[in-house]
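Asks: From first to last, the protein sequence lines are chains G and W. Everything in the first sequence is counted per the working numbering, starting at 364 for the first residue and increasing by one. Everything in the second sequence is counted per the working numbering, starting at 173 for the first residue and increasing by one. For each residue, glycine too, the CB sits at the ideal point set by N, CA and C. If you're wondering where the values come from, they're calculated on a predicted model, not measured in any experiment.
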Amino acid sequence: MKKKKFPVSLILLVLFTFIFLFPIYWTITTAMKQPGQIMVIPPEFIPSKISLQNFRQVIAENNMGQFFWNSLSISISTTIITLIIASFAGYGFSRFNFRGKKLSLLLVIAVRMIPSLIYMIPYYIIFNQLHLLDSKVGLTIVYITANLPLAIWLSASFFDELPDEIFESAKIDGCTEFQIYWRIALPLVVPGLVVISILVFLASYNEFGTALVLLFNDSTKTLPVGISGMVQLQKDTPFGLLAAAGTIAMIPAFILALTTQKYVQKGITAGAVKG
Amino acid sequence: MKKIGLFCTVLLSLVVISGCGGGGETKESAKSSEPVELKTPEKFGVKLENLDASGTLDGQYKGKKITVATRTGDHETALKEAAKYFEAASGAKVEVQSFPAGNDEEKIQLDLSTSHTFDAVLMPVANIHSYAASGYLKKLDDYKKVADPELDTDDFIPSILDLYGKYDGKLYAFPYKPDTQMLFYRKDIFEDEKVKTAYKEKTGKDLAVPTTNEEMIEVAKYFTKSKNADSPIDYGYISMGSTTNSRAIWMNREGEQTVISKDNQATVDNDGTKKAMETMMELKNYTPKEWTQLGWDEANAMFVEGKALMMEQWPGLINSINDDKSKIKDKVGFAVTPGSSPVLGGWSIAVTNHSEEDELAYKFVEFVTSKDAELLKVEHTMDPVRQSNYERGEVMDSNSMYPVLLDSLTKGKQLVDADVPYISAQLNDILEDETQNLLNGKQDIDKTTANMQKKLKKEISSAEIE
Chain G
364 MKKKKFPVSL ILLVLFTFIF LFPIYWTITT AMKQPGQIMV IPPEFIPSKI SLQNFRQVIA
424 ENNMGQFFWN SLSISISTTI ITLIIASFAG YGFSRFNFRG KKLSLLLVIA VRMIPSLIYM
484 IPYYIIFNQL HLLDSKVGLT IVYITANLPL AIWLSASFFD ELPDEIFESA KIDGCTEFQI
544 YWRIALPLVV PGLVVISILV FLASYNEFGT ALVLLFNDST KTLPVGISGM VQLQKDTPFG
604 LLAAAGTIAM IPAFILALTT QKYVQKGITA GAVKG
Chain W
173 MKKIGLFCTV LLSLVVISGC GGGGETKESA KSSEPVELKT PEKFGVKLEN LDASGTLDGQ
233 YKGKKITVAT RTGDHETALK EAAKYFEAAS GAKVEVQSFP AGNDEEKIQL DLSTSHTFDA
293 VLMPVANIHS YAASGYLKKL DDYKKVADPE LDTDDFIPSI LDLYGKYDGK LYAFPYKPDT
353 QMLFYRKDIF EDEKVKTAYK EKTGKDLAVP TTNEEMIEVA KYFTKSKNAD SPIDYGYISM
413 GSTTNSRAIW MNREGEQTVI SKDNQATVDN DGTKKAMETM MELKNYTPKE WTQLGWDEAN
473 AMFVEGKALM MEQWPGLINS INDDKSKIKD KVGFAVTPGS SPVLGGWSIA VTNHSEEDEL
533 AYKFVEFVTS KDAELLKVEH TMDPVRQSNY ERGEVMDSNS MYPVLLDSLT KGKQLVDADV
593 PYISAQLNDI LEDETQNLLN GKQDIDKTTA NMQKKLKKEI SSAEIE
């Protein structure tokens, strides 16, 4: 009789799930606690009383709705434009052979290697001249340029995965190059594009340093900048409000994770088997 | 594919919306550019009649606008509150822009040196001095012609105007928010007859709130459970012992200890500093073992949990003490830090050198620090900087700390931030690192002061400050 195997993988799965989910659980439950329930020993793992006061306050008094909208609109704009440019560029790098192709690809990724902090002052000075300081357009431009290198590389690798026969057949059927891109290639790399979208969206949505430097007004500030403004020196940290703001900020990430899971799996696998 | 196209179109329209929304004013702020008549406000039983700067604000700045920069939070709220009345009196529009604590200094510095969008800045005193040294600020004496005839700069708390407002002998800023460390103590325990009797029996002395370092050590020792099993409380003393805060513990001590001289020389390696550090190390015996890990939240939480008899802290602690969940609400008294030489913090407001509306900016700076208008900021935790205001209406009674705060501000000797232009933050780091090394037993007092002296000197000389 075979000896039953000890379910090590199951234990590891439970352990990692717990490690990853507990901070989220803690944030959400803290958001529902009153100040007196938060800094207590022993901690209230299950809140003794649940209140939505922190959510009400953070939306009504802390401008969170405006910050949320700003973050969302900037991130979506960045994602869409990056995706369009990256898919064109990636297709070009993948399909066409031209002199300096390898060097161009290397240069594209080299831009990504430079710490973004280096660009900060030049951006500030240039945007000041162009009157793009304190503007969502300015920040969107920065995010697009910051995300494009990785997006182009990834998109090129996804197009590389497609067999040449598909393109040849499309050509024989009389497709123009744009029709091949639009009707044949693009639908086949959708899982890859979803992966790129998620990476770009989250990078823009969570970015703090550049937004802090380039934005001034409450009407343009993004969520990370807005949330950081809730902490004041010489005042008790408003843990409940911060947790409520964090919970609201998590919503898009949750929606993304739930709706795009199957594409992410496909996309990551597609990128991984490239050889 | 059509669906994808449609999706892209919808999202692209979002892009346009997002783009168009950038940089502009909110609808609300645009509306508020029309000056509105405001009722004469009454604060603390005082009718604030002089909110037109003795008639020098008469709607003459209509159509003009200034931008004021500060830190996000109470400073921003207080400025916005005052701005409403200033707009009504001057006809101008005031936009208050704020930046999160910890990042505000770099952001404002960048604007002052590059984009010049701010007309006035409200910042901690050490920063204001750096800006003045860099030539980023206007001298306020240049606006005497347009000044409020009732400005009365002598009304500011003695020494505050010099320390907060002047650099190199010239007035660059008006004090806005005073700050000083104070001693918070458990009044209920100090006044408990049983405790007093037991204290007298054991020490032969009357129990009293300490006024000297020696008295503080003696009291702290008696009220520390590990030293005296009869103590009604766990620890005799607590403060923020963590890095970024710990230098205040020895700087609060009496004596001739100094850190930086008026001509920007390091003077920390002196007998006064060593004595102050000896007191700090003695106090360490009567604090929780995690003392050097305690920042603002942690130290305050321990005090309001009722774990310590005395705490040296900034006035903001009062909010935690008065919280409904606090175990020590109505049980706390206030005193000047033992040794009567508390460290000072503080904020000042100044006009920037590149302001195109500098006269208007000056009028705003003058307005928010004026005798009447400064009562508008008190409920936003910005305590008065004018001594006469403590005597007006119900101001003194509105906050039980005020008599001691006023006393402490008058006795304050040095700023908690090393007050050297450009490099204040770096010098503070040196002081903190060395203080932590001492508190954690890595070096003795002599080595600590010697290291501080050497490193401060090196930093100051490399900055080439004249």
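Kindly indicate the opening and closing residues of the alpha helix (DSSP H) around Tyr-407/W.
Replies: Tyr-407/W -> not in any alpha helix (DSSP H); beta strand (DSSP E) instead, spanning 407 to 410.
Asks: Whole angstroms are fine: how far does the CA of Ser-467/G sit from the CA of Lys-236/W?
Replies: Approximately 51 Å, taken between the alpha carbons.
Asks: Taking the alpha-carbon positions, what's the Asn-561/W to Gly-467/W distance?
Replies: Rounded to whole angstroms, Asn-561/W to Gly-467/W spans 32 Å at the Cα level.
Asks: So is Met-476/G buried or exposed if we call it buried at 16+ other beta carbons inside 10 Å?
Replies: Exposed, by the Cβ-count rule.
Asks: Could you check what DSSP says for Gly-195/W in three-state terms: helix, strand or coil?
Replies: Note that Gly-195/W has pLDDT 44, beneath the 50 cutoff, so the model's placement of it is unreliable and no number is given.
Asks: What is the rounded straight-line gap between the Cα of Ile-448/G and the Cα of Leu-578/G?
Replies: The straight-line gap from Cα to Cα measures roughly 25 Å.
Asks: When you check each C-beta in the region 591 to 617 of chain G against every C-beta of chain W, which residues fall closer than 9 Å?
Replies: Against chain W - using a Cβ distance shorter than 9 Å - the residues of the region 591 to 617 of chain G are Ser-591, Gly-592, Met-593, Val-594, Gln-595, Leu-596, Gln-597, Lys-598, Asp-599, Thr-600, Phe-602.
Asks: Quick one, which of Ile-618/G, Gly-609/G, Val-558/G has its alpha-carbon nearest Thr-393/G's?
Replies: Of Ile-618/G, Gly-609/G, Val-558/G, the residue nearest in Cα terms is Gly-609/G.
Asks: Give the DSSP bridge partners of Tyr-339/W, in chain order.
Replies: DSSP, once it has assigned bridges, lists Lys-342/W as partnering Tyr-339/W.
Asks: Please list, in chain order, the chain G residues whose beta carbon lies closer than 9 Å to that of Gly-245/W.
Replies: Residues of chain G passing the Cβ test: Gly-592, Met-593, Val-594, Gln-595, Leu-596, Lys-598.
Asks: Just list the residues that DSSP pairs Arg-558/W with in beta bridges.
Replies: Partner(s): Phe-328/W.
Asks: Cβ closer than 9 Å: which chain W residues qualify as neighbours of Pro-398/G?
Replies: Near Pro-398/G (Cβ distances below 9 Å), the residues of chain W are Asp-495, Asp-496, Lys-497.
Asks: Nearest CA to the CA of Val-471/G: which residue from Leu-517/G, Gln-429/G, Val-500/G, Phe-430/G?
Replies: Taking only the C-alpha atoms, the option nearest Val-471/G is Leu-517/G.
Asks: Note down, in chain order, every chain G residue with its Cβ under 7 Å from the Cβ of Ala-171/W.
Replies: There is no way to answer for residue 171/W, as the model of chain W reaches only from 173 to 638.
Asks: Using a Cβ-Cβ distance cut-off of 7 Å, determine whether Ala-255/W contacts chain G.
Replies: Output row for Ala-255/W: interface = no.
Asks: According to DSSP, is Leu-619/G part of a helix, a strand, or is it coil?
Replies: If DSSP states are grouped into helix, strand and coil, Leu-619/G belongs with the helices.
Asks: By the DSSP assignment, the alpha helix (DSSP H) with Val-553/G in it spans what residues?
Replies: First-last of the alpha helix (DSSP H) with Val-553/G: 553 to 569.
Asks: Could you run through the region 445 to 474 of chain W and flag, in chain order, every residue whose CB is less than 8 Å away from some CB of chain G?
Replies: Answer in chain order: Trp-468, Asp-469, Asn-472, Ala-473.
Asks: Would the beta-carbon of Ile-490/W fall within 7 Å of that of Met-573/W?
Replies: Yes, these two residues count as a Cβ contact at 7 Å.
Asks: State yes or no: is the beta carbon of Val-608/W nearer than 7 Å to at least one beta carbon in chain G?
Replies: Note that residue 608/W is Gln in the sequence shown, not Val. So, not an interface residue.
Asks: Name the chain G residues whose beta carbon is nearer than 9 Å to that of Ser-287/W?
Replies: Ordered by position in chain G, the residues that pass the 9 Å Cβ test against Ser-287/W are Tyr-487, Ile-488, Phe-490, Asn-491, Leu-496.
Asks: Would the region 356 to 367 of chain W count as touching the region 508 to 524 of chain W if we require 3 or more Cβ pairs under 8 Å?
Replies: Contact between the region 356 to 367 of chain W and the region 508 to 524 of chain W is absent, because fewer than three Cβ pairs lie under 8 Å.
Asks: If you count every other CB in all the chains shown that lies within 10 Å of the CB of Ser-596/W, and 16 or more means buried, which is it?
Replies: Buried.
Asks: Under 7 Å between C-beta atoms, does Leu-186/W make it to chain G?
Replies: With a pLDDT of only 48 at Leu-186/W, under 50, the local geometry of the prediction cannot be trusted, and no value is derived from it.
Asks: Please list the residues of the region 568 to 583 of chain G that have a C-beta atom closer than 7 Å to any C-beta atom in chain W, keeping them in chain order.
Replies: Listed by position, the residues of the region 568 to 583 of chain G near chain W (Cβ gap below 7 Å) are Leu-575, Val-576, Phe-579, Asn-580, Ser-582, Thr-583.
Asks: In chain order, what residues of the region 281 to 310 of chain W put their CB closer than 8 Å to some CB of chain G?
Replies: Those would be Leu-282, Thr-286, Ser-287, Thr-289, in chain order.
Asks: Rounding to the nearest angstrom, what Cα-Cα distance links Leu-587/W and Phe-617/G in this structure?
Replies: Using only the alpha carbons, I get a separation of about 47 Å.
Asks: Candidates Asp-340/W, Leu-309/W, Tyr-344/W: which alpha carbon is nearest Thr-325/W's?
Replies: Selected option, being the one with the closest Cα: Tyr-344/W.
Asks: Less than 7 Å between CB atoms is the rule here; does Ser-418/W satisfy it with respect to chain G?
Replies: No, because no Cβ of chain G sits closer than 7 Å to the Cβ of Ser-418/W.
Asks: Please tell me whether, using a cut-off of 6 Å, the distance from the CB of Gly-408/W to the nearest non-hydrogen atom of the ligand PLP is below it.
Replies: Among the ligands in the structure shown, none appear at all, so the ligand PLP cannot be discussed.
Asks: Please list, in chain order, the chain W residues whose beta carbon lies closer than 8 Å to that of Met-427/G.
Replies: Result: empty, since nearest Cβ-Cβ is about 13 Å, beyond 8 Å.
Asks: To test your reading of the DSSP string, which unbroken alpha helix (DSSP H) runs of 4 or more residues are found completely within the region 395 to 472 of chain G?
Replies: For the region 395 to 472 of chain G, whole alpha helix (DSSP H) runs of length 4 or above, ordered along the chain, are 398 to 401, 416 to 424, 427 to 458.
Asks: With a threshold of 7 Å between beta carbons, is Met-395/G in contact with chain W?
Replies: Met-395/G does not count as touching chain W.
Asks: Give a yes or no on whether 7 Å exceeds the smallest Cβ distance from Gly-194/W to chain G.
Replies: The pLDDT assigned to Gly-194/W is 44, lower than 50, so where the model puts this residue is not dependable; a value taken from the coordinates is nonetheless given after this. So yes, Gly-194/W belongs to the interface.
Asks: Sort out for me which residues DSSP pairs Ala-264/W with in a bridge.
Replies: Looking at the DSSP assignment, Ala-264/W forms no beta bridge with any residue, so it has no partner.
Asks: Can Val-431/W and Ala-590/W be called in contact, C-beta distance under 7 Å?
Replies: Against a cut-off of 7 Å, the Cβ pair of Ala-590/W and Val-431/W comes out as a contact.
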